[in-house]
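Asker: Mind looking over this structure? Questions follow.
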Amino acid sequence: MEETYCKLTEESRSEEKRLNVQHTELKKKLDTLERRYAFGEIEKELFTKYRSELKTELLEIERNLEKCAPALSNPKEFIKIGLEKSVTILQSWSKANVQARK
Numbered sequence: 030m031e032e033t034y035c036k037l038t039e040e041s042r043s044e045e046k047r048l049n050v051q052h053t054e055l056k057k058k059l060d061t062l063e064r065r066y067a068f069g070e071i072e073k074e075l076f077t078k079y080r081s082e083l084k085t086e087l088l089e090i091e092r093n094l095e096k097c098a099p100a101l102s103n104p105k106e107f108i109k110i111g112l113e114k115s116v117t118i119l120q121s122w123s124k125a126n127v128q129a130r131k
């Protein structure tokens, strides 16, 4: 079960890593751009243009990061509980009243 869980979430984890790397790189570029503007190395027009582009890209990456599947804090425990419930489901069903079975 753990192996299956790992395989199912592998793509999401690698996508999250890739997005985090991109996010870090863009933050560095934005910081460099702001420093260059602060020291008068680039004009305001260039700063404004590229700052808005970088901010837009950062927002898009942050949205995509939010879409990544949240990681379970303890997948082994989650799998264990799921297996225990699946083993006892017949007993739970037979003990339940009509209202609970609906």
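If you're matching positions, the sequence shown starts at 30 in our numbering and goes up one per residue. Glycine included, C-beta positions come from ideal geometry on N, C-alpha and C. These figures come from a predicted structure and were not determined experimentally.
Using DSSP with H/G/I as helix, E/B as strand and the rest coil, what is Leu101?
Answerer: coil
Asker: Taking DSSP as the reference, what is the three-state secondary structure of Ile71?
Answerer: coil
Asker: Within 8 Å, do at least three Cβ pairs link the segment 61-77 to the segment 89-98?
Answerer: no
Asker: Taking just the CA atoms, how far does Glu74 sit from Lys46?
Answerer: Their Cα atoms are separated by approximately 33 Å.
Asker: Where does Thr117 fall in DSSP's three states?
Answerer: coil
Asker: Say whether the segment 55-65 touches the segment 106-125, bearing in mind that this needs 3 or more beta-carbon pairs closer than 8 Å, one atom from each stretch.
Answerer: no
Asker: For Asn93, which of helix, strand or coil comes out of DSSP?
Answerer: helix
Asker: I need the straight-line Cα distance from Glu39 to Asn93, nearest angstrom please.
Answerer: If you draw a straight line from the Cα of Glu39 to the Cα of Asn93, it is about 16 Å long.
Asker: From the DSSP output, in three-state form, read off Ala129 for me.
Answerer: Residue state for Ala129 is assigned as helix, using DSSP reduced to three classes.
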